Amino acid sequence: MHDVKSAEAALAIEGLSHWYGSRQALDDVTFSLEPATFTVLLGLNGAGKSTLFSLVTRLYGVRRGRIRVFGYDVGSSPGEALRRIGVVFQPRTLDLDLSVMQNLRYHAALHGIGAREACARGEAMLARVRLSERAGDKVRSLSGGQMRRVEIARALLHRPQLLVLDEPTVGLDIKARSEILAHVHSLVAEEGVCVLWATHLVDEIGEGDDVIVLHLGKVLAHGRASAIVEQAGATDIRSAFATLTSASSPSEAA
Amino acid sequence: MSTLSQTRASPLSLAGYAICLKGIVWREALRFLHQRERFVSALVRPLVWLFIFAAGFRQVLGVSIIPPYEVYILYEEYITPGLMVMIQLFNGMQSSLSMVYDREMGNMRTLLVSPLPRWFLLSSKLLAGTSVSLLQVYAYLVIAWFWGIEPPPIGYLTVLPALILSGLMLGALGMLISSLVKQLENFAGVMNFVIFPMFFASSALYPLWRVRESSPLLYYVCELNPFTHAVELVRFALYAQVNWISLTVVCGCTLAFMLAAILAYDPARGLLARRGAPGGET
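Respectively, the protein sequence lines represent chains A and B. Everything in the first sequence is counted per our numbering, starting at 1 for the first residue and increasing by one. Everything in the second sequence is counted per our numbering, starting at 1001 for the first residue and increasing by one.
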C-alpha cells in the first residue's frame, strides 16, 4: 500500500515478522485496512493469526516491521494506539464470578473511564447486544453466545475505531454465530468501525467482504472475496483457499 | 450521553490513572469477596498452625527474651508474625500464579491491553493483591486476639505499613515467578520449591539463635532469606518498633522483585515475547 494512505489507515502493518525461538510464526506480513471496512483474516490453526493479534495488541513487542493504528506506532506510542483498539480474544476473558456490568465497569476503569460514565455506556452497549436484562447476572450464568456478545460490548466500551476479533465464533452454535457476525457487520455500517475478523471458517465470509489469506505466517492474498476467487480460478472461496494454500509459492497480493 | 462522547478525556491523564488503579483494586476485592472458599482457606491455614502446631510445640521450644519482646512470651505469640506473613506469602503466590492458569489468563490479557503503561498496570495489580492480603491478615489478628494473643493496641496500627511492604515484596516475587514459569502443573510445585523453603528457612517458627545452635549454615541461609526479614519487620512493627536492617532488606527486595517483574512483562524485552504469552496459544 502507499505510504500516504497508511498514515490514515485504521491498521497499517508493514514487513512484520515474528519468531518463537527459531520457529518463524510471521513472515514479512504487510497489509493495511481502511476505516469503516470489514476484513476477514482467513487462516488455518497455526497460520499466525493469534501471533498477529498479540503483536497488534502489544502483548508481545514488535521485533521486525511496523504496526500503526490510525498513524500511531504500537511500539513507540502504545497508549495512543491501544486506546483506539477494541479486542475480543479467542479464549474467554470475562470474570465468571462477577456480574456482566461489573465486568464492563472493570474494563472501563482500565481505560480511565469513571464509574458513572461506564454505567451509562455499559447500559447502551448491552442494549445493542440485547442483553440489558442480564446486566446484574453473574457471567457464569450466561450461554457461550451471550458471553461473546458481552465481550464485544466490552471491547467497544471505550469507543475504539478499530475492532479486532480472534476467532470470536469458536464453540458457538450456528444461530449464535450468525447473530454475532451480523452484529459486527452492523457496527461497520452504522458506526464506521474498522473490523478485523480472524477465522478459519470460510462460511463466515460474505461475497463483498475483504479477505486476507494468511498461511504459515505469510499473506497469500488480500482483496475482495470475489476477486480472490476469480484470481485463484476457483468457483468459491473454499476452493480458492484450498488452491492458494496448496501452492506453496505466495501469489501477488491484490 | 452523546455530549459525553464528544468530550472524551484521554485515559492517559492523571484522573485516568486514578480511575484505573481504583478499578483494579475494586475488582480484586470483589473477586475475593465472591470466592468464600479462598477466604476461608486463607484463614484456616494459619489458624491450624496457631491452634494445633503452636499448642503442641509450646513445650518443646522455649523462647527466651529477645527483642522486640520484653517479657517471656508464649510460643503462640512468637509465631503470630510469622503466620501473618505466611498469609501474605500464600496470597502473593496464589494471586500471581492464577495469572499462569488459563482461567485467569484472559484477565491478564484484558489488563495488559489497557492503554496505560504496563509498569502502572502491574504495580496496581500488586497493590490490589496486597490490599486483599491485608484483609486476611487483620481477620486472622481478630481471631488470634480471642485466642489470647494481644499485642499492644498501637501495634495494630504500626504494623500496617510493615504489612503493606511485606505484601508488596511477596506479591512482586509471585509476579516474577509467574512470568518466569510457563506452565505450572499445579500449586504443589510452588509449594515445594518456593513456599516451604521460604517459610521453614526463616525466623517465622523459631528464633534464629536457636537455628544457629544446631546448624550455622542454615542460620546464614535464614539470614539471607527475604522472608525472614519480612517476618522480623512485621514482628517489630507489631510492638511499635522498627527493625532497620529488615526494613532495608524488605525495601530493597521489593524494589528488585518489582523491577524484575516489570522487565519480565515488558513486551519488547520480556520473556513473554520469547516464549509466547502466558497461556497464549501460538
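Think of the CB as a built atom: it goes at the ideal place given N, C-alpha and C, for glycine as much as any other residue. In this text the structure is predicted, and so the values were computed from the model without any measurement.
Do residue i and residue j have their C-beta atoms within less than 8 Å of each other?
{"i": "residue 153(A)", "j": "residue 126(A)", "result": "yes"}
{"i": "residue 26(A)", "j": "residue 42(A)", "result": "no"}
{"i": "residue 232(A)", "j": "residue 243(A)", "result": "yes"}
{"i": "residue 1057(B)", "j": "residue 1069(B)", "result": "no"}
{"i": "residue 62(A)", "j": "residue 1113(B)", "result": "no"}
{"i": "residue 1234(B)", "j": "residue 1085(B)", "result": "yes"}
{"i": "residue 1111(B)", "j": "residue 1265(B)", "result": "no"}
{"i": "residue 151(A)", "j": "residue 94(A)", "result": "yes"}
{"i": "residue 8(A)", "j": "residue 71(A)", "result": "yes"}
{"i": "residue 213(A)", "j": "residue 219(A)", "result": "yes"}
{"i": "residue 47(A)", "j": "residue 216(A)", "result": "yes"}
{"i": "residue 181(A)", "j": "residue 163(A)", "result": "no"}
{"i": "residue 222(A)", "j": "residue 158(A)", "result": "no"}
{"i": "residue 58(A)", "j": "residue 1267(B)", "result": "yes"}
{"i": "residue 228(A)", "j": "residue 247(A)", "result": "no"}
{"i": "residue 1217(B)", "j": "residue 1143(B)", "result": "no"}
For residue i, which option in the options has the closest C-alpha, if you only look at C-alpha atoms?
{"i": "residue 1016(B)", "options": "1092(B), 1108(B), 1115(B)", "result": "1115(B)"}
{"i": "residue 1137(B)", "options": "1229(B), 1122(B), 1161(B), 1124(B)", "result": "1161(B)"}
{"i": "residue 40(A)", "options": "173(A), 243(A), 23(A), 167(A)", "result": "167(A)"}
{"i": "residue 1177(B)", "options": "1018(B), 1079(B), 1260(B)", "result": "1260(B)"}
{"i": "residue 1256(B)", "options": "1267(B), 1242(B), 1226(B)", "result": "1226(B)"}
{"i": "residue 1172(B)", "options": "1254(B), 1192(B), 1189(B)", "result": "1254(B)"}
{"i": "residue 260(A)", "options": "175(A), 173(A), 206(A), 201(A)", "result": "Examination of residue 260(A) is not possible in this model, given that chain A is present from 1 through 254 alone."}
{"i": "residue 1043(B)", "options": "1064(B), 1141(B), 1152(B)", "result": "1141(B)"}
{"i": "residue 1223(B)", "options": "1041(B), 1250(B), 1191(B)", "result": "1250(B)"}
{"i": "residue 1153(B)", "options": "1107(B), 1071(B), 1237(B), 1078(B)", "result": "1237(B)"}
{"i": "residue 96(A)", "options": "178(A), 139(A), 104(A), 72(A)", "result": "139(A)"}
{"i": "residue 64(A)", "options": "47(A), 44(A), 30(A)", "result": "30(A)"}
{"i": "residue 1039(B)", "options": "1118(B), 1090(B), 1080(B)", "result": "1090(B)"}
{"i": "residue 1033(B)", "options": "98(A), 28(A), 23(A)", "result": "98(A)"}
{"i": "residue 1045(B)", "options": "1065(B), 1080(B), 1014(B)", "result": "1080(B)"}
{"i": "residue 1094(B)", "options": "1191(B), 1201(B), 1211(B)", "result": "1191(B)"}
{"i": "residue 85(A)", "options": "165(A), 20(A), 21(A)", "result": "165(A)"}
{"i": "residue 1246(B)", "options": "1072(B), 1163(B), 1030(B)", "result": "1163(B)"}
So which residues on chain B does residue i lean against when the C-beta distance must stay under 7 Å?
{"i": "residue 107(A)", "result": "1110"}
{"i": "residue 228(A)", "result": "Going along chain B, no residue has its Cβ under 7 Å from residue 228(A), so there is no contact; the nearest lies around 26 Å."}
{"i": "residue 102(A)", "result": "1030"}
At a CB-CB cut-off below 8 Å, which residues of chain B make contact with residue i?
{"i": "residue 95(A)", "result": "1027, 1031, 1107"}
{"i": "residue 58(A)", "result": "1112, 1113, 1267"}
{"i": "residue 98(A)", "result": "1027, 1030, 1031, 1034"}
Going by DSSP, what residue range makes up the alpha helix (DSSP H) through residue i?
{"i": "residue 1135(B)", "result": "1118-1146"}
{"i": "residue 229(A)", "result": "225-231"}
{"i": "residue 1244(B)", "result": "1244-1264"}
{"i": "residue 1195(B)", "result": "Careful: residue 1195(B) lies outside any alpha helix (DSSP H) and carries neither H nor E."}
{"i": "residue 122(A)", "result": "115-128"}
{"i": "residue 1171(B)", "result": "1153-1180"}
{"i": "residue 79(A)", "result": "78-82"}
{"i": "residue 243(A)", "result": "237-246"}
{"i": "residue 52(A)", "result": "49-56"}
{"i": "residue 174(A)", "result": "174-191"}
{"i": "residue 234(A)", "result": "Segment: none, residue 234(A) is in no alpha helix (DSSP H) and carries neither H nor E."}
For a contact defined as C-beta to C-beta under 8 Å, what are the partners of residue i on chain A?
{"i": "residue 1114(B)", "result": "82, 110, 111"}
{"i": "residue 1222(B)", "result": "Ordered by position in chain A, no residue passes the 8 Å Cβ test against residue 1222(B), which lies about 39 Å from the chain."}
{"i": "residue 1023(B)", "result": "105, 106, 108, 109, 110"}
Which residue marks the beginning of the beta strand (DSSP E) containing residue i, and which one marks its end?
{"i": "residue 215(A)", "result": "210-215"}
{"i": "residue 18(A)", "result": "11-20"}
{"i": "residue 31(A)", "result": "23-33"}
{"i": "residue 1040(B)", "result": "No beta strand (DSSP E) contains residue 1040(B), which is instead part of the alpha helix (DSSP H) from 1036-1048."}
{"i": "residue 67(A)", "result": "64-69"}
{"i": "residue 38(A)", "result": "38-42"}
{"i": "residue 953(B)", "result": "Given that chain B is displayed from residue 1001 to residue 1282, the structure contains no residue 953(B) and the question cannot be resolved."}
{"i": "residue 1228(B)", "result": "Element bounds for residue 1228(B): not the beta strand (DSSP E) but the alpha helix (DSSP H), 1226-1238."}
{"i": "residue 86(A)", "result": "85-88"}
Residues of chain A with CB closer than 7 Å to the CB of residue i, please, in chain order.
{"i": "residue 1264(B)", "result": "By Cβ distance, chain A contributes nothing, its closest Cβ being about 13 Å from residue 1264(B), past 7 Å."}
{"i": "residue 1129(B)", "result": "Result: empty, since nearest Cβ-Cβ is about 15 Å, beyond 7 Å."}
{"i": "residue 1125(B)", "result": "Result: empty, since nearest Cβ-Cβ is about 11 Å, beyond 7 Å."}
{"i": "residue 1020(B)", "result": "109, 110, 112"}
Using a C-beta to C-beta distance shorter than 9 Å, which residues of chain B count as neighbours of residue i?
{"i": "residue 89(A)", "result": "1106, 1109, 1110, 1113"}
In chain A, which residues lie less than 9 Å from residue i when you measure between Cβ atoms?
{"i": "residue 1015(B)", "result": "112, 114"}
**Study point:** the segment 118-132 of chain A / the segment 67-81 of chain A touching (three or more Cβ pairs under 8 Å)
**Key:** no
Check your understanding: Taking three-plus beta-carbon pairs below 8 Å as touching, is the segment 1152-1162 of chain B in contact with the segment 1037-1056 of chain B?
Key -> no
Point to revise | Segment contact, 8 Å Cβ cut-off, at least three pairs: the segment 188-198 of chain A with the segment 18-38 of chain A | key: yes
Review point. Does the segment 167-178 of chain A come close enough to the segment 140-158 of chain A to have 3 or more Cβ pairs within less than 8 Å?
Key: yes
Exercise for review: May I ask you to verify whether the segment 1162-1169 of chain B touches the segment 1219-1236 of chain B, counting CB pairs closer than 8 Å and requiring at least 3?
Suggested key: yes
Review point. Within the chosen definition, does the segment 1121-1129 of chain B reach the segment 1021-1034 of chain B through at least 3 CB pairs nearer than 8 Å?
Key: yes
Check your understanding: Given 8 Å as the limit, is there contact between the segment 50-62 of chain A and the segment 128-135 of chain A, that is, 3 or more CB pairs closer than that?
Key -> no
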